[in-house]
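Engineer: Going by my numbering, the sequence shown opens with residue 4, and the numbers climb by one from there.
From the three backbone atoms N, C-alpha and C, an ideal C-beta is built for every residue, glycine too.
These numbers were taken from a predicted model, which means no experiment stands behind them.
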Amino acid sequence: MPSETDDLSAVPARKKWRKLAARICLLLAFGSTGIMVALEYRASRRPHAAPVSVQVSGHKIIKDELSGLANTAFGQSERGKILSERALLFLDQGRIVFSDQLGSARGLTWNEVLGQSAIYIKVMAMNNDAYLHQTHGQIMEVLFHETVHSFSRKDKRTSLDEECDAFAAGLCVMLAVEGKEEPELLMLDGVPLSDFIAKNYPDIGRSRDYQPVSQTRDWLSRRTGVEIGEQ
Ligand SMILES: [Zn+2]
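1) Can you determine whether any heavy atom of ligand 1 sits closer than 8 Å to the C-beta of residue 169, and answer yes or no?
2) Okay, do the stretch 180-188 and the stretch 204-219 touch, 3+ Cβ pairs below 8 Å being the bar?
3) Terminal residues of the continuous alpha helix (DSSP H) containing residue 110?
4) Out of 165, 191, 113 and 118, which has the shortest C-alpha to C-alpha gap to residue 51?
5) Where are the alpha helix (DSSP H) runs, 4 residues long or more, that stay fully inside the stretch 147-234, in chain order?
6) Should residue 167 be labelled buried (16 or more other beta-carbon atoms within 10 Å of its own) or exposed?
7) Do you know offhand how far residue 158's Cα is from residue 228's?
8) Could you tell me how far apart the beta carbons of residue 141 and residue 101 are, in whole angstroms, since I believe they sit closer than 8 Å?
9) Compute the Euclidean distance between the alpha carbons of residue 185 and residue 196, then round it to the nearest angstrom.
10) Quick test of your reading: residue 82 and residue 210, contact by CB under 8 Å. State the CB separation rounded to the nearest angstrom.
11) Compute every distance between the C-beta of residue 165 and the non-hydrogen atoms of ligand 1, then say whether any falls below 8 Å.
12) Within a Cβ cutoff of 7 Å, which residues of the same chain sit near residue 155, ignoring the five residues on either side of it in sequence?
13) Which residues mark the beginning and the end of the alpha helix (DSSP H) in which residue 90 is found?
14) In the DSSP assignment, find the beta strand (DSSP E) that holds residue 242 and state where it starts and stops.
15) May I ask you to check if the CB of residue 227 is nearer than 8 Å to at least one heavy atom of ligand 1?
16) Of the residues 79, 123 and 232, which one's Cα is nearest the Cα of residue 98?
17) Have a look at residue 230 and residue 224 and give me their C-alpha separation to the nearest angstrom.
18) Pick out whichever of 191, 151 and 200 has its Cα sitting closest to the Cα of residue 85.
19) May I ask you to report which of helix, strand or coil DSSP gives residue 47?
20) Return yes when the Cβ of residue 148 is within less than 9 Å of the Cβ of residue 61, no when it is not.
21) Is it buried or exposed, residue 175, if we count other Cβ atoms within 10 angstroms and call 16 or more buried?
22) CA-CA distance, residue 115 and residue 145?
23) Along the chain, where does the beta strand (DSSP E) that runs through residue 102 open and close?
What follows is the structure in structure tokens.
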């Protein structure tokens with residue numbers, strides 16, 4: 004049997020609880036509206052895709068080059084196979100988009116807050132509604148560069164180490180597509196990759212525990228010139 008005192012105190016407690024529940028509902032409603040607005044804003048900034056015919060021709064270039072790559076030393080290496088398989092998966096999932104709205108970037112990864120990321124590859128819009136693809140080697144370079152990034156957590160900032168890995172993959176696939184030999188030390192603009200990246204990304208940090216895709220950190224150092232010190 005509840006006492007009288009219990010009954011009396013239960014009334015304000017119930018009122019308080021109702022008020023609190025109403026407040027929580029209000030907060031949740033505002034919170035979810037805010038999230039929806041943020042998601043819609045993010046989606047509205049997504050680069051527009053070029054017309055379907057451009058997607059079809061671009062995807063065909065990638066498909067053909069990926070199958071041709073299987074006959075090259077890079078394509079047959081463990082690293083080449085892993086990157087090719089991941090790139091083919093992106094292609095099959097419709098997650099490679101050609102766009103003429105990437106600004107100065109030749110390619111980028113677009114991460115959605117919810118849902119899957121997509122790799123965007125630059126195509127140039129010409130005056131007469133025509134579109135011009137990058138060379139096959141350049142398309143594959145961009146694709147493999149971004150594919151390397153896809154192995155990292157999307158909320159993590161890139162690092163000198165990760166960029167060395169991505170640029171190395173891009174350069175190696177481009178050389179393979181163009182039938183050229185890979186030099187031991189990979190260079191861009193006449194300097195080792197690590198120097199090129201340090202110069203072009205002056206604020207970039209290090210990630211001394213970064214694990215290159217299917218390779219060792221010693222390999223990354225030997226091929227790109229990045230210094231591998233104590234962790
Ligand atoms: Zn990158």
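Structural biologist: Answer, in terms of the structure:
1) yes
2) no
3) Element bounds for residue 110: not the alpha helix (DSSP H) but the beta strand (DSSP E), 110-113.
4) Residue 51 has its Cα closest to that of 113, out of 165, 191, 113 and 118.
5) 163-180, 196-203 and 220-227
6) buried
7) 27 Å
8) The Cβ separation is near 12 Å, so there is no contact.
9) 13 Å
10) About 19 Å; that fails the 8 Å criterion.
11) yes
12) 165
13) 81-95
14) The first residue shown for the chain is 4 and the last is 234, placing residue 242 beyond what the model contains.
15) No, the beta carbon of residue 227 sits no closer than 8 Å to any heavy atom of ligand 1.
16) 123
17) 6 Å
18) 151
19) helix
20) The answer is no: Cβ separation not under 9 Å.
21) buried
22) 20 Å
23) Element bounds for residue 102: 99-102.
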